[in-house]
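Offset between the sequence shown (1-based) and my numbering: plus 137. Each residue gets a CB set at the ideal place from its N, CA and C atoms; glycine is no exception. Here's the structure, in structure tokens; my notes come after.
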Amino acid sequence: MSIEIQQLRYARNLTVICPEFNFVSRIIRLSLDLICRYSAPVQTPIRNMDKNIEKETFQLEFTIKKLKKKLEDKQKELNEVTLQLNQALSENEKLKRKLSKHENPKDEYDYSWSWISKIVFTVAQANKPLRSAEIISVLRVREPDLNHKVSKEKFLSAFLNVAMQHERLIPYKLKGVRGNYYCLPDWINEESELLPEMRRKIY
Numbered sequence: 138m139s140i141e142i143q144q145l146r147y148a149r150n151l152t153v154i155c156p157e158f159n160f161v162s163r164i165i166r167l168s169l170d171l172i173c174r175y176s177a178p179v180q181t182p183i184r185n186m187d188k189n190i191e192k193e194t195f196q197l198e199f200t201i202k203k204l205k206k207k208l209e210d211k212q213k214e215l216n217e218v219t220l221q222l223n224q225a226l227s228e229n230e231k232l233k234r235k236l237s238k239h240e241n242p243k244d245e246y247d248y249s250w251s252w253i254s255k256i257v258f259t260v261a262q263a264n265k266p267l268r269s270a271e272i273i274s275v276l277r278v279r280e281p282d283l284n285h286k287v288s289k290e291k292f293l294s295a296f297l298n299v300a301m302q303h304e305r306l307i308p309y310k311l312k313g314v315r316g317n318y319y320c321l322p323d324w325i326n327e328e329s330e331l332l333p334e335m336r337r338k339i340y
């Protein structure tokens, strides 16, 4: 395009030298104006377009980063909720197993029994002499109401006394140990001594 302009300008100079070329000179001026008008400013819109594209690209990348951050935060929340749900389900299964054992004991424990019968059954199931603290420890699992007693020892003491009065349990005193061991009558021999096999279980 620059070569054409130079040629036109050269022709215009000729018209100055030769006035008879005035008509041609006018056409040349118009051509030069048109060429300059439509050739020079073409790069400006392209530069503006590049800037707009860069701006839109930056905004798009920024939006993508924000969305990615939100997604990561939501994933963390989801992981925490999933963990809590799994823990709750695990606890629920444990409670179900405990409830099943409570309602359907394999050892034929009957919740409708009197406290005396429950105490005697506990000693029989242990198959060894038990102290009152050991009896309480077993019954607390089976009998939630026992946990609400202010003094569990005093509460059971009355029933232990009745059980001994009716010879359903026999107290046995072991030297050096505080309190009595409670035994079934079958574990005591004619000399009122604890059978050797039972004595070995508490020594």
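| Asked | Found |
| --- | --- |
| Simplified DSSP assignment, three categories, for Pro281 | helix |
| Continuous beta strand (DSSP E) assignments of at least 3 residues falling wholly in the region 259–316 | 307–309 |
| Inter-residue Cα distance where the pair is Gln262 and Leu215 | 48 Å |
| Assigned exposure category for Ala225 - 16 Cβ within 10 Å defines buried | exposed |
| Within 9 Å, strictly: CB atoms of Ile307 and Lys289 | no |
| Cβ-Cβ distance between Phe292 and Ile256 below 9 Å | no |
| Leu321, DSSP secondary structure in three states | coil |
| Rounded distance between the beta-carbons of Pro266 and Trp324, thought under 8 Å | 7 Å |
| Rounded straight-line distance, which links the Cα of Val299 to that of Asn223 | 48 Å |
| Own chain residues within Cβ distance below 6 Å of Ser254, not counting five before or after | none |
| Contact set for Ile339: own chain, Cβ-Cβ below 7 Å, skip 5 residues either direction | Lys265, Pro266, Leu311, Tyr318 |
| Of the residues Arg268, Tyr248, Met301, the one placed nearest Leu283, counting alpha carbons only | Tyr248 |
| Cβ distance (whole Å) where Leu276 is taken to contact Thr259 below 8 Å | 6 Å |
| Cβ-based burial, Leu220 [other Cβ within 10 Å; buried from 16] | exposed |
| Selection from Val218, Glu271, Arg279 that minimises the alpha carbon distance to Gly316 | Glu271 |
| Residues of its chain near Pro322, where Cβ-Cβ distance is below 7 Å and the 5 sequence neighbours each way are ignored | Glu304, Ile307 |
| Limits of the unbroken alpha helix (DSSP H) element including Glu334 | 333–339 |
| Straight-line gap, Val314 to Leu331 (C-alpha atoms, nearest Å) | 15 Å |
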